[in-house]
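For the sequence shown, the positions run 62 to 381 when my numbering is used. In this text, a Cβ means the ideal position worked out from N, Cα and C, and glycines have one as well. Since the structure comes first, as C-alpha cells, the remarks are kept for the end.
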Amino acid sequence: MGKDYIQGTKLIRELEHYSPKIELIEDAAIWGIFADREVAFLSKGKNEELKSQKLIIAEGAYDRPMPFPGWTLPGVFTGGSALRMVKTEKVLPGKKVLLTGTGPLQLVLATQLLQAGAEVVSVLEAASSTGAWKYLHQFWGQWELIKDGLHYLWELRRGKIPYLTSHAIIQARGEQEVNEAVYARVDRDGKPIPGTEKTVEVDTVCTGHGLIPSTRLSRLCGCEHKYEPCLGAWVPCHDESMETTVPGVFVAGDSTGIAGALVAMEEGFPVPAQEQVIQKARQESRLDLPRKHQNITHFFFLLGLLWRLSLPGSRLWSTR
Ligand SMILES: Cc1cc2nc3c(=O)[nH]c(=O)nc-3n(C[C@H](O)[C@H](O)[C@H](O)COP(=O)(O)OP(=O)(O)OC[C@H]3O[C@@H](n4cnc5c(N)ncnc54)[C@H](O)[C@@H]3O)c2cc1C
C-alpha cells in the first residue's frame, strides 16, 4: 500500500484515539459561515449548524488550469484530477500519456501512471533548471524529501521517459478526442521557440501548473487576504499561530500556501502548540513557509538537473 497509506492509517488512528472529544462528521459540505463562527453545512441531505469558540479552516487547494489550443478536448486532464483517478479511484486516465506543466506533482503523477501500466511519452517541465543551484543549501538535511525525489526520478529513468525542462505543450489535436499533441521548447517567458516543435501520438494529456489555495471558506469568514506573487494566488493573512485577522478563526494546510502533506500536518497541530511546532518545523526543514512552494519546486528542478547530467552523453539543458 505504500508509506502514504501507512501514514494516513496512523492519522486516522490518532483521530479515533481522541473520540468522543472529536466528532467526525463525514459527507459534510459547508455552504455558509456566519457571525461568531457559526458554520452551516449539508450532511446526508440535511442542513446542520455548528457554533464553536475557535474555528480552524483547512480547505485545501485546487488545480490551476492553463489553457492552450485543444485543451477542452476529451482526453485532456488536469494533473491533480489524473493523480486522484490513479491513486484514489485506481483508474487510468488513458494509455499513452503526455505530461506538461510545472512542479513536483508531475513527477509523482508520472511515477503513478507508470506503476499503473500506462505509457508515459514525455514529461514536459515549462521552467528551466538554470539557477536552481542557488537553492541547494536549503535542502541540506531534507533526506526524506531527497529520497522521495530521487525515487520519482529513478522511476522515470528506469522507464526511459524523457524529462524535458524548458518545454511545454502548444496544441492538443483530435476530432472527437485527443490523438496527438504538439510541444516545443519555450523561452524564459514561456513562449514557444519556432522550429523546435515536435508532434507525438497520445490519447491523453495531463496538464499540471500547480495548485491554487482554496480560500472560499476564509473569505466567507471575512478574513483579510493578500496576494502571494510566488504562488500567483491569494492566501489568508495569519499570524505565527495561524490565526487570521478574524479573532478565533485559524487556517492550516494548503489553503495557506502549497507545501505538501508534511507541512499541512505540522500546521494542523493543536492551537496552543502551534507556534512552537511551526518554529520547530521551520528550523528542522529550513524552509521559509511563505516561500515554501517555490523552494520545493526548485528542489525538484535540481534533482532533475542532476539526473539529466548523469545520463550518458546528456547535454546540460534541453534534451530534445
Ligand atoms: C491529487 C493530489 C496528489 C497529491 N500527492 C501528494 C504527494 O504524493 N505527496 C505530498 O506531499 N503531497 C501530495 N499532494 C498534496 C497534499 O495532498 C496536500 O498538500 C495535503 O493534502 C494538504 O492538506 P490539507 O488538509 O491542507 O488539504 P486537503 O487534504 O486537500 O483537504 C482539504 C479538505 O477540505 C475539504 N473541503 C474544501 N471545501 C469544503 C467545503 N466547502 N465543505 C466541506 N469540506 C470542504 C475538501 O473536500 C478536502 O477534504 C497531492 C495533492 C493532490 C491534489
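Closest Cα partner of D65 within the set Q173, P223, E77 and T257 = Q173
Determine the burial state of R249: buried for a count of at least 16 other Cβ atoms within 10 Å of its Cβ, exposed for fewer.
-> exposed
Let me know if T226 comes out buried or exposed under the rule of 16 or more other beta-carbons within 10 Å of its beta-carbon.
-> buried
Nonlocal neighbours in the same chain, by C-beta distance under 8 Å from H298, ignoring five residues either side | Strictly speaking, residue 298 in this sequence is Cys, with His absent from that position. Excluding sequence neighbours, C298 sits near C284, E285, H286, K287, T305 and T306.
Indicate whether G235 and G164 have their beta-carbon atoms separated by less than 9 Å.
-> no
Excluding the five sequence neighbours on either side, which residues of its own chain have a C-beta within less than 8 Å of the C-beta of G69, listed in chain order?
-> none
Have a look at Y79 and M303 and give me their C-alpha separation to the nearest angstrom.
-> 22 Å
Same chain, Cβ closer than 8 Å to V100, five either side skipped, listed in chain order | I91, G93, I94, E110, L111, K112, S113 and L116
Could you check where the beta strand (DSSP E) with E289 kicks off and where it finishes?
-> H286 to E289
R277 Cβ short of 8 Å to ligand 1 heavy atom set | yes
Give every residue of the same chain whose Cβ lies closer than 8 Å to the Cβ of G251, excluding the five residues on either side of it in the sequence, and list them in chain order.
-> A187 and A229
Can you list every residue whose CB sits closer than 5 Å to some heavy atom of ligand 1, going in chain order?
-> A90, I91, A119, E120, G121, G141, L144, R145, V169, G314, D315, G321, A322 and A325
Three-way DSSP call (helix, strand, coil) for R234 in this model | strand
Determine the DSSP secondary structure at L281, reduced to helix, strand or coil.
-> helix
In or out: E328 buried (at least 16 other Cβ within 10 Å) or exposed?
-> buried
Starting from K259, follow the beta strand (DSSP E) in both directions and report where the run begins and ends.
-> K259 to E262
For A89, which of N108, E77, I73 and D97 has the nearest alpha-carbon?
-> N108
Among T265, S189 and A96, which one has its Cα closest to the Cα of V247?
-> S189
Along the alpha helix (DSSP H) that carries A171, what are the first and last residues, could you check?
-> L166 to Q176
Which residues bound the beta strand (DSSP E) around T161?
-> K157 to G162
If we call anything under 9 Å between Cβ atoms a contact, is V152 one with Q167?
-> no
Could you check what DSSP says for R219 in three-state terms: helix, strand or coil?
-> helix
Can you tell me which of T260, I254 and A122 puts its alpha carbon nearest to the alpha carbon of A322?
-> A122
Extent of the continuous beta strand (DSSP E) run through D88 = Counting along the chain, D88 falls outside any beta strand (DSSP E), and DSSP gives it neither H nor E.
Alpha-carbon to alpha-carbon, V243 and T265 | 13 Å
Determine the direct distance from the alpha carbon of E238 to that of T139, and round the result to whole angstroms.
-> 15 Å
V312 versus C291: straight-line alpha-carbon distance, rounded | 19 Å
Contact set for A177: own chain, Cβ-Cβ below 6 Å, skip 5 residues either direction | V147 and L153
Taking only the alpha-carbon atoms, compute the straight-line gap between G106 and V181 and give it to the nearest angstrom.
-> 42 Å
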